[in-house]
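Here the numbering used here is used: the first residue of the first sequence is 25, the next is one more, and so on.
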Amino acid sequence: MELVIFDLETTGFSPRYHEIIQIAAVRMHHGKIKTKECFETFVRPKNPLPDEISELTGITYGDVCNAPEPSAALMAFSRFVGDATLVAHNGRCFDLPFVRECCLRHQLPMREVPFIDSLALSRLLWSSQRCHTMDAVIRRLRLSHEGLRRHDARGDVRILAEAVRHMWKRLGAPPDHCPVPLDVGHLPR
DNA sequence: GCTAGGCAGGAACCCCTCCTCCCCT
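Shown next as structure tokens:
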């Protein structure tokens with residue numbers, strides 16, 4: 025099973041009012057993380073970066089001012105994904121709606137892509153726990169994020185890939201059998 | 001300064017519905 029673990033940084037929580045400013049992804053093949061097969065791009069927003077977003081993510085105007093426009097960035101991301109299954113943390117309610125809204129806004133034709141929400145892996149693994157944030161998952165798995173910046177998509181996606189690998193293993197699922205039902209997302213064609 | 005929305009779990013109630021919280025930047 026070929027997985028592409030991805031993460032977005034945005035200017036806020038609402039796909040309708042906010043914009044994607046960074047996309048990062050890493051490929052996982054048969055349960056092995058391919059650290060050299062990664063995708064990273066900043067995305068140029070139409071509106072100025074809010075100060076609190078720069079503080080949170082470390083992303084500055086200098087990072088995004090000459091970055092690809094959203095449609096070019098998403099098309100490149102879609103080519104990187106290919107026929108793989110997408111994975112994101114809370115992607116069903118956050119990352120995928122942002123991608124879909126961006127496609128609609130830029131009138132990009134879309135294709136369906138299989139998708140796994142790592143939130144579902146966490147809820148299945150620690151069903152008695154209420155908190156399933158990325159930080160909680162990292163803490164429970166005792167993962168180190170030394171040298172990786174949280175809230176930078178490049179750092180988050182590497183931590184998430186490790187987390188997915190561990191949760192998958194702990195759930196006792198073989199690398200080619202997803203332990204939770206597959207969902208569907210959209211990417212530009 | 002505002003902004004989403006589907007899910008899980010609990011209360012109240014006997015099987016659903018409603019409510020609140022969660023989760024992402």
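We treat Cβ as the ideally placed atom computed from N, Cα and C, and that holds for glycine.
Small disclaimer: the values here were computed from a predicted structure and weren't measured.
Around the CB of S38, fewer than 16 other CB atoms lie within 10 Å, so the residue is classed as exposed. Annotation for L206: no alpha helix (DSSP H) segment contains it, and DSSP assigns it neither H nor E.
Contact between the region 199-211 and the region 113-131 is present: three or more C-beta pairs spanning the two stretches fall below 8 Å.
The three-state reading of DSSP puts V67 in coil, since its state is none of H, G, I, E or B.
Of E186, L80, T35, the smallest CA-CA separation from R68 is found for T35.
A112: member of the beta strand (DSSP E) spanning 109-112, first to last residue.
Only residues of its own chain outside the window of five on either side were considered, and among them R135, L211, P212, R213 have a CB closer than 8 Å to the CB of S102, listed in chain order. Taking a contact to require three or more Cβ pairs closer than 8 Å, the region 68-86 and the region 137-148 do not qualify as touching. Comparing alpha carbon positions, the residue from H54, A187, A91, V88 closest to A144 is A187.
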